[in-house]
Amino acid sequence: MAEEQVAVARRAGRQLPWARAVFWLYAATLMLPLLWMFGMSIRPNEDILGSFSLIPQRTTLDNYRTFFTDPVWYSSYLNSIIYTSLNAVMSLIVALPAAYAFSRFRFAGDKHLFFWLLTNRMAPPAVFLLPFFQIYQSVGLFDTHLGVAIAHMLFNVPLAVWILEGFMSGIPREIDETAAIDGYSLPRFFLRIFLPMIRSAVGVTAFFCFMFSWVELLIARTITSVDAKPIAATMTRTVSAAGVDWGLLATAGVLTIIPGAIVIWFVRNYVAKGFALGRV
Amino acid sequence: MQWMVWTLPTALVFVGLALLLCGMAIWGHFSPPVARRGFLRIETDRGDRLYIGLISAAVVLAGWIAVTDLSMWLALACALLVTIVIGIWG
Amino acid sequence: MTEQSVTVAGSPVGGEIVTGAAPQDGTPDSRVSVKPKNNRAWLLVLPVVVSVAFTAVIPLMTVVNFSVQDIFSPDDRIFVGLEWFRSVARDPEIRAAFVRTLLFSAQVLLLEIPLGVALAVAMPRRGVWVSVALVIVALPLLIPWNVVGTIWQIFARADIGLGGWTINNVLGIDFNYTLDSTDAWITVLIMDIWHWTPLVALLAYAGLRSIPDPYFQAAQIDGASAWSTFRHIQLPRLRGVLTIAILLRFMDSFMIYTEPFVVTGGGPGNATSFLSILLSKVAVGQFDLGPAGAFSLLYFLVVQIVSYVFFTVLTRSGR
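Chains as they are written, first to last, in the working numbering: chain R, 23 to 302; chain H, 1370 to 1459; chain F, -8 to 310.
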């Protein structure tokens, strides 16, 4: 009987024979532009512009060498990593208690507060450009990693609260009550019992914060000039009077994909779950 | 605060909004809001209706300024009317 | 306080998790208890309120102040009332950009939603390939937006890009996105599909995964075809996640900036100059604080309305 059920389930899970093929075809198509960019990053510039060819005729690592030896390039790459990580940590720290409050208690104006948070997530960044420029200059956060990290909290904190609240609501409140009876104070309960239980949620949230901070350009570019300049802004430097340095541009492009790819590999099993909550 | 380039009218608007929020909070403390259905056909409590009302007022003002040259005071009157109607019957 | 009004934010959409929402009819449900009322919870929310106030409220107030003045410097400014709103709301260029942006959003939705669902259905669900498939599909989402622009700027070029070259030389169609406005539009649209269909696919995939096996077994026993299984079992269960997908895609495509800015810069002419491109041109390019402020506020108003509809539909669809 049980075996029969398993067999039925397996058959039911099976898809149309060509569906899988279509999927992998799409996946391959999706990879094409990426591979093309990679191909360009390992060609000398004369070859890129000189003649069109599918397979690079000559390969070179010159572009990568330039990237890692020119301080403007590698330091802006580091800048991006620094403020992105800083942002993820800060967003989590402020979002965790708030998400807990939203998932566990009713309080005056909770519903409206939650909605208000979300509208900030949906505000066009272009709206905030000018005041950001002036605020960060007047409080001395202009062109600092901390400044960008704080600015990105605009959209990451609401997102983090949203995702975490979804996960936390899935954990029965009886656990809180039992812990309270056992004499745990709220902070101690939160750190010792609750936080370990929602590890994967924290991972998923950190991933999304990292991702949205990493891909954002408009705000980061506006409130930095030199010291905290993001890699994305440096990429516009490749356009000079002599034309576009396509090889170097492609190299920077390839390298900016890597952190994201690494992060997604680590959280791949939870990502679908994070999306399933519909909280993105 | 210099860079925030405050003007008296905008300051008054924000003070008014802040007072409105405080007022709603105090009112909510003494008589908790009750959700119900009005002509908007969705369940709202008074906070929701205030929000919808204010947004509708903004839409009225924006629409007015986009199409006619008539006085904005008239537009403001219409906007207030809309807010009140939504606030009471919405 | 009635039972219905306790759903704060957590209505279960597409997920299996049931939050503290009491059932609609108000009958007590043994699995769910009502959240206790505790105004001290505000202390826990305070850090969020402070941080978002700093990043959102103060800037927004400043934008409001900008929008009613003609500002030459912080000390030299004139109150102009609603003049900027009048000029922005009647600007034909801005109106055209508004229509263009709406059209773009509509096309994005019509193409990405079905494609994303189809992908999710076709995605492997068991075995080692699941991880690989997930990573590949999610990859475009993790690429900085200007790099997405760069990728397509290169890929769609007729002389050095595989895509543009193929269209010109293999298909024999004259294609040049830097000169032809239709080509530019198509390039931006395809880029957006490439970039964001994965989001729809992941959402739909997560929704599909939450369908319990017995549903499929029942369909199997009834001898349902693959299509009717999809139509009657999978699609209805996807309603929640699809609502999110549709609204998210609407919002993001309505605010699109970086990718078309890198690829076309809004051109040729103004064929791809969407609202946000126009706005940042006014704000950063010309540094016109007043008009930029008024423009921002009107833009924000539209977004507020859509967000509210979004939120209302989202929190009610679960009930």
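C-beta: ideal position from N, C-alpha, C; glycine also.
Self-check item: Inter-stretch contact (C-beta, 8 Å, three-pair minimum) for the segment 278 to 294 of chain F and the segment 67 to 78 of chain F
Solution: yes
Quiz item: Smallest Cα separation from residue 302 of chain F: which of H:1386, H:1421, H:1438, H:1371?
Solution: Locating residue 302 of chain F in the third sequence gives position 311, counting from the first residue. Cα-wise, what sits closest to residue 302 of chain F is H:1421.
Self-check item: Environment of residue 160 of chain F [buried if 16+ CB atoms lie within 10 Å]
Solution: Mapped onto the third sequence, residue 160 of chain F falls at position 169. Classification for residue 160 of chain F: exposed.
Quiz item: Considering only residues of the same chain and omitting the five flanking positions on each side of residue 243 of chain R, which have a CB-CB separation below 6 Å?
Solution: The count along the first sequence starts at 1 and reaches residue 243 of chain R at position 221. Counting only Cβ-Cβ distances below 6 Å, and skipping sequence neighbours, we find 255.
Quiz item: Expressed to the nearest angstrom, what Euclidean distance is found between the alpha-carbon atoms of residue 127 of chain R and residue 190 of chain R?
Solution: Numbered from its first residue, the first sequence carries residue 127 of chain R at position 105. Numbered from its first residue, the first sequence carries residue 190 of chain R at position 168. Distance between the alpha carbons of residue 127 of chain R and residue 190 of chain R is about 12 Å.
Quiz prompt | Cβ of residue 52 of chain F within 9 Å of any chain H Cβ | solution = Mapped onto the third sequence, residue 52 of chain F falls at position 61. Residue 52 of chain F counts as touching chain H.
Exercise. Examine the ligand PLP and report whether any of its heavy atoms sits within less than 8 Å of the Cβ of residue 284 of chain F.
Key: Absence of the ligand PLP from the depicted structure is noted, as is the absence of any ligand whatsoever, leaving it without description.
Exercise. Select from the segment 216 to 239 of chain R all residues with a C-beta closer than 8 Å to any C-beta belonging to chain F, and list them in chain order.
Key: 233, 236, 237, 238, 239
Practice problem: Using a Cβ cut-off of 8 Å, pull out every chain F residue sitting near residue 1376 of chain H, in sequence order please. | Solution: Stepping through the second sequence from its first residue, residue 1376 of chain H is reached at position 7. Those are 56, 59, 60, 70, listed as they occur along chain F.
Exercise. Go ahead and label residue 32 of chain F buried or exposed: buried means 16 or more other beta carbons lie within 10 angstroms of its beta carbon, across all protein chains shown.
Key: Within the third sequence, residue 32 of chain F is the residue found at index 41, counting from 1. Burial call: buried.
Quiz item: Considering only the beta carbon of each residue, do residue 54 of chain R and residue 154 of chain F sit closer than 9 Å?
Solution: By one-based count along the first sequence, residue 54 of chain R stands at place 32. By one-based count along the third sequence, residue 154 of chain F stands at place 163. Going by C-beta atoms, residue 54 of chain R is nearer than 9 Å to residue 154 of chain F.
Quiz item: Buried or exposed: residue 189 of chain F, going by 16 or more other Cβ atoms within 10 Å of its Cβ?
Solution: Within the third sequence, numbered from 1, the residue matching residue 189 of chain F stands at position 198. The residue is buried, with at least 16 neighbouring Cβ atoms inside 10 Å.
Self-check item: Top-ranked residue by Cα proximity to residue 18 of chain R, from R:170, R:90, R:113
Solution: In the structure as shown, chain R starts at 23 and stops at 302, and residue 18 of chain R therefore has no counterpart that could be examined.
Quiz item: Is there a Cβ from chain R that is less than 9 Å from the Cβ of residue 189 of chain F?
Solution: Translated into the one-based positions of the third sequence, residue 189 of chain F becomes position 198. Output row for residue 189 of chain F: interface = yes.
Practice problem: Leaving aside the five residues before and after residue 149 of chain F along the sequence, list all residues of the same chain whose C-beta is less than 7 Å from its C-beta, in chain order. | Solution: Looking up residue 149 of chain F in the third sequence gives position 158. 155, 156, 159, 166, 167, listed in sequence order.
Practice problem: Would you mind sorting residue 1436 of chain H into buried or exposed? The rule is 16 or more other CB atoms within 10 Å of its CB. | Solution: What you label residue 1436 of chain H is simply residue 67 of the second sequence in a count that begins at 1. Residue 1436 of chain H comes out exposed.
Self-check item: beta strand (DSSP E) segments (min. 3 residues) lying fully within the segment 60 to 108 of chain F
Solution: 60 to 64, 67 to 70
Exercise. Look at the alpha carbon of residue 223 of chain R and the alpha carbon of residue 180 of chain R, and state the distance between them as a whole number of angstroms.
Key: Counted from its first residue, the first sequence places residue 223 of chain R at position 201. Counted from its first residue, the first sequence places residue 180 of chain R at position 158. For residue 223 of chain R and residue 180 of chain R, the distance between alpha carbons rounds to 15 Å.
Exercise. Reducing DSSP to helix, strand and coil, say where residue 1384 of chain H ends up.
Key: Taking the first residue of the second sequence as position 1, residue 1384 of chain H is located at position 15. The answer is helix: DSSP assigns residue 1384 of chain H an H, G or I state.
Quiz prompt | Where the alpha helix (DSSP H) through residue 238 of chain R begins and ends | solution = In the first sequence, residue 238 of chain R corresponds to position 216, counting from 1. Residue 238 of chain R -> no alpha helix (DSSP H), and no H or E assigned at all.
Exercise. State the beta-bridge partners of residue 1412 of chain H as determined by DSSP.
Key: For the purposes of this step, residue 1412 of chain H is taken as the residue at position 43 of the second sequence. DSSP lists H:1406 as partners of residue 1412 of chain H.
Exercise. Verify whether the separation of the beta carbon atoms of residue 116 of chain R and residue 42 of chain F is less than 9 Å.
Key: Sequence index remark: in the first sequence, residue 116 of chain R carries index 94 (1-based). Sequence index remark: in the third sequence, residue 42 of chain F carries index 51 (1-based). Yes, the pair counts as a contact, with Cβ atoms nearer than the cut-off.
Quiz item: Taking a cut of 7 Å between CB atoms, which residues from the segment 124 to 147 of chain R lie near chain H?
Solution: 130, 131, 134
Self-check item: residue 122 of chain R versus F:49, F:70, F:34, F:136, residue with shortest Cα-Cα distance
Solution: What you label residue 122 of chain R is simply residue 100 of the first sequence in a count that begins at 1. Residue F:34 is the option with its Cα nearest to residue 122 of chain R.
Quiz item: Does residue 237 of chain F have its Cβ less than 9 Å from a Cβ in chain R?
Solution: In the third sequence, residue 237 of chain F corresponds to position 246, counting from 1. So no, residue 237 of chain F is outside the interface.
Quiz prompt | residue 277 of chain F classed as buried or exposed, judged by whether at least 16 other C-beta atoms fall within 10 angstroms | solution = Numbered from 1 along the third sequence, position 286 holds the residue referred to as residue 277 of chain F. Exposed.
Quiz item: Beta-carbon of residue 172 of chain R versus every beta-carbon of chain H: anything under 9 Å?
Solution: Stepping through the first sequence from its first residue, residue 172 of chain R is reached at position 150. Not one chain H Cβ lies under 9 Å of residue 172 of chain R.
Quiz item: Got a sec: which bits of the segment 275 to 290 of chain F sit with their beta carbon under 7 Å from any beta carbon on chain H, in order along the chain?
Solution: 289
Quiz item: What is the DSSP secondary structure of residue 143 of chain R, reduced to helix, strand or coil?
Solution: Looking up residue 143 of chain R in the first sequence gives position 121. Helix.
Quiz prompt | residue 19 of chain F versus residue 27 of chain F - alpha carbon distance | solution = Reading the third sequence from its first residue, position 28 is the one you call residue 19 of chain F. Reading the third sequence from its first residue, position 36 is the one you call residue 27 of chain F. Below a pLDDT of 50, predicted positions are generally treated as unreliable, and residue 19 of chain F, at 39, falls in that range; the measurement from the model is reported next regardless. Cα to Cα, the separation comes out at about 15 Å.
Exercise. Go ahead and label residue 1371 of chain H buried or exposed: buried means 16 or more other beta carbons lie within 10 angstroms of its beta carbon, across all protein chains shown.
Key: As a working mapping, residue 1371 of chain H is identified with position 2 in the second sequence. Looking at its Cβ environment, which holds fewer than 16 other Cβ atoms inside 10 Å, residue 1371 of chain H is exposed.
Practice problem: Find out if the Cβ-Cβ distance for the pair residue 269 of chain F, residue 88 of chain F is shorter than 9 Å. | Solution: Residue 269 of chain F sits at position 278 when you count from the first residue of the third sequence. Residue 88 of chain F sits at position 97 when you count from the first residue of the third sequence. Against a cut-off of 9 Å, the Cβ pair of residue 88 of chain F and residue 269 of chain F comes out as a contact.
Exercise. Run down chain F in chain order and give the residues with a C-beta less than 9 Å from the C-beta of residue 58 of chain R.
Key: Translated into positions along the first sequence, residue 58 of chain R becomes position 36. Here the neighbours are 142, 145, 146, 152, 153, 154.
Exercise. With a threshold of 16 other CB atoms inside 10 Å of the CB of residue 216 of chain F, please say whether the residue is buried or exposed.
Key: Numbered from 1 along the third sequence, position 225 holds the residue referred to as residue 216 of chain F. Burial call: exposed.
Practice problem: Classify residue 117 of chain F as helix, strand or coil using the three-state DSSP reduction. | Solution: Within the third sequence, residue 117 of chain F is the residue found at index 126, counting from 1. Correct three-state label for residue 117 of chain F: coil.
Quiz item: What is the DSSP secondary structure of residue 128 of chain R, counted as helix, strand or coil?
Solution: To locate residue 128 of chain R, count along the first sequence from 1; it is residue 106. Residue 128 of chain R: strand per DSSP, three-state reduction.
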